[in-house]
Amino acid sequence: MGDDEAIPFNFERLDPAGEASNSNEGFTGKGRASYPNGDVYEGQYHDGKRHGEGTYTFKNGDKYVGEYNNNQRTGLARFTYAMPQSEDAEGTPAGNRGFYHGYFEAGKRHGEGTMKYANGDIYSGMWKNGKKHGRGTYVYKQTKFQLVGEWDQGEIKKGRWVWTNGDQYIGSFQNNVPAGQGLWRFNKGYEVEGTYNGGDD
1 MGDDEAIPFN
11 FERLDPAGEA
21 SNSNEGFTGK
31 GRASYPNGDV
41 YEGQYHDGKR
51 HGEGTYTFKN
61 GDKYVGEYNN
71 NQRTGLARFT
81 YAMPQSEDAE
91 GTPAGNRGFY
101 HGYFEAGKRH
111 GEGTMKYANG
121 DIYSGMWKNG
131 KKHGRGTYVY
141 KQTKFQLVGE
151 WDQGEIKKGR
161 WVWTNGDQYI
171 GSFQNNVPAG
181 QGLWRFNKGY
191 EVEGTYNGGD
201 D
């Protein structure tokens, strides 16, 4: 169920007395909740909901450390991914040991943040509703190539594709590859301008 689970299996009030309970209903203060699925949350509560600083550890080893607002991940935080997983509609990093450090809103990456993927690739820039959106830079670990520009719903739309030898493409993109009007600028000093089909034959 993830950290949207609202009813703990066991709840321990960590301040002031540390008394155990099976309910966090109406509680304000610091507490520790264990959930039936094996997840654990430790941190601040307000009126029975996660609110303020807290750490949510998932059974699979994923961990969220940061702020909550009314039970939702909101504010500055670090989310560390421990288990293999593929990139989904929200841009979850593939593989293991990836992390996101940045801002959340209503449970999703939103605002400025940096994602390091398990393969070593790094995206640093703006997010909206869990996807890369706005100004950002994506650096490929293996090739050191960079995609720099404006992103929309997880894909770069306009910007630069910079190679390590100094060659670069400047223009429009579709599906993260050159498409539409663009300019190739080569390190030898010449340029090629044209319209690109995004890799289609």
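Numbering-wise (UniProt numbering), the sequence shown opens with residue 1 and increments by one. Where is the CB? At the ideal position from N, CA and C, for every residue including glycine.
As assigned by DSSP and simplified to three states, the class of K188: It is coil, neither helix nor strand.
Counting C-beta neighbours from all protein chains within 10 Å, is the total for V162 16 or more, i.e. buried, or is it exposed? buried
Should H101 and T114 be called a contact, given that it needs their Cβ atoms to be closer than 7 Å? yes
The beta strand (DSSP E) enclosing D152, as first and last residue numbers: 146-152
Using the three-state DSSP reduction, which class does N69 fall into: helix, strand or coil? Judged by DSSP in its simplified three-state form, N69 adopts strand.
Which residues share a DSSP beta bridge with Y35? Answer by DSSP bridge pairing: none, since Y35 is not bridged.
Local Cβ density within 10 Å of K49, reported as buried at 16 or more and exposed below that: buried
Quick check: the Cα distance between K108 and K188, rounded to an integer number of angstroms? Rounded to the nearest angstrom, the gap between the Cα atoms of K108 and K188 is 44 Å.
Note the first and the last residue of the continuous beta strand (DSSP E) segment covering G135. For the sequence presented, residue 135 should be read as Arg rather than Gly. Its beta strand (DSSP E) spans residues 131-139.
Looking at the strands, I want to know which residues DSSP matches up with A118. DSSP output for A118 lists no bridge partner at all.
In this structure, does DSSP put F58 in helix, strand or coil? coil
Pick from F104, M126, D167, R135: whose alpha carbon is nearest that of E67? F104
Whole-Å CB distance - F99 paired with R73, under 8 Å assumed: Actually they are not in contact, since the Cβ atoms of F99 and R73 sit about 14 Å apart, beyond 8 Å.
Near H170, what residues of its chain come up, given a Cβ to Cβ distance below 6 Å and the 5 sequence neighbours on each side ignored? The residue you asked about is not His; residue 170 is Ile in the sequence shown. Within the same chain, I170 has close Cβ partners R160, L183.
What do you get for L147, buried or exposed, if any count of 16 or more other CB atoms within 10 angstroms of its CB means buried? Of the other Cβ atoms in all chains shown, 16 or more fall within 10 Å of the Cβ of L147; this residue is therefore buried.
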